[in-house]
Each structure stands twice: as structure tokens, then as C-alpha cells.
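For reference, the structure discussed in these notes is given below.
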Amino acid sequence: MYLAPYLTYDGNAEAAFQRYAELLGGKIEMLLRYGEAPDGSCDSLSDEQKNKVMHVRLAAKDWVLMASDAGTHYPYDGVKGMSISLNVDSAADAERIFQGLAEGGQVTMPLAQTFWAERFGCVTDAYGVPWLINFEKKA
């Protein structure tokens, strides 16, 4: 068993996941658009809706992140009440990933040393997803 966060976007899931693949080193293993539904269940959607992402999966060595675009069968209501916590292997990774996620987004707590971490910071990326970046202190 493993936990895999599933996010919802307002029509920009593909752009977000391309950015995450670049920053996090993962690979997009699957991207299915509503218009590609094999059972024809989305044939009545507009061309714009058919081009939205029904499901995307980004995977790396020991994690998976998945998502879809809202707005075809349910409204987009933003990302609320959660953050993606990313624990990295080095201070350099923390700096690089934090800066990459901050581009076009909003830093809510600058990346800095804390009593529990060599680097910790909070940022909401340009796609509205809150991230906690953490590089723990060595014991």
C-alpha cells in the first residue's frame, strides 16, 4: 500500500505536471484527455473540454503524483486544506526546487534553517498548489 496525492486543476494540469517533471525529476507515465475516453462517455463535451486532462500520472523512484482538470463534470474549487510535503536529499535540491516552484507563485515562508531542518519553506506554486519543502537536519 502507498499514498499518492491526487490534485485537481483549473485547466492547467498538463502545464503543471510538465513543470513538476522538470523540477522533480519524475516522468509523466500517462496523460489522458477527456476526448480520448475509450468508451465515448465524453463525446458530448465541447472541443475545449475534450482537450482538458482526465488523468495524468507523474512518477519517480519512490513516489507518484496524479491529477486531472476540473470543469467538465464538476467545478474547480481550488486546492484547499492541504499541502504537498516534499522531503529532499540536499540543501541544494531544496533551494533549486523551492525557487522553481516559487516562479510565478507565492512564497508563504521563505526557505531557511529551522530547529528541525537545514532548509524548510512554504510556497504556493503558479498553479495554486501549496508545497512544503524540507531538508531535515542530519541526526
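For the sequence shown, the working numbering assigns the number 46 to the initial residue and increments by one for each residue that follows. Quick reminder that beta carbons are idealized off the backbone N, C-alpha and C, glycines included. The structure displayed is predicted, hence computed values, not measured ones.
| query | Tell me the DSSP bridge mates of Ile129? | reply | Trp176
| message | Please state the DSSP three-state secondary structure of Lys95. | response | helix
| Contacting residues, own chain, Cβ-Cβ under 7 Å from Asp170 (five flanking each side not counted) | Leu146, Gly150 and Trp176
| query | Just reading off the alpha helix (DSSP H) that Ala60 is part of, what are its end residues? | reply | Ala58 to Leu69
| message | Assuming contact is defined by CB atoms lying nearer than 9 Å, are Ser113 and Ala61 in contact in what I supplied? | response | no
| query | In whole angstroms, what separates the C-alpha of Ser128 from that of Phe165? | reply | 14 Å
| Unbroken alpha helix (DSSP H) run spanning Asp138, endpoints | Ala136 to Ala147
| Is there contact between the stretch 101-108 and the stretch 64-84, where contact requires at least three CB pairs shorter than 8 Å? | yes
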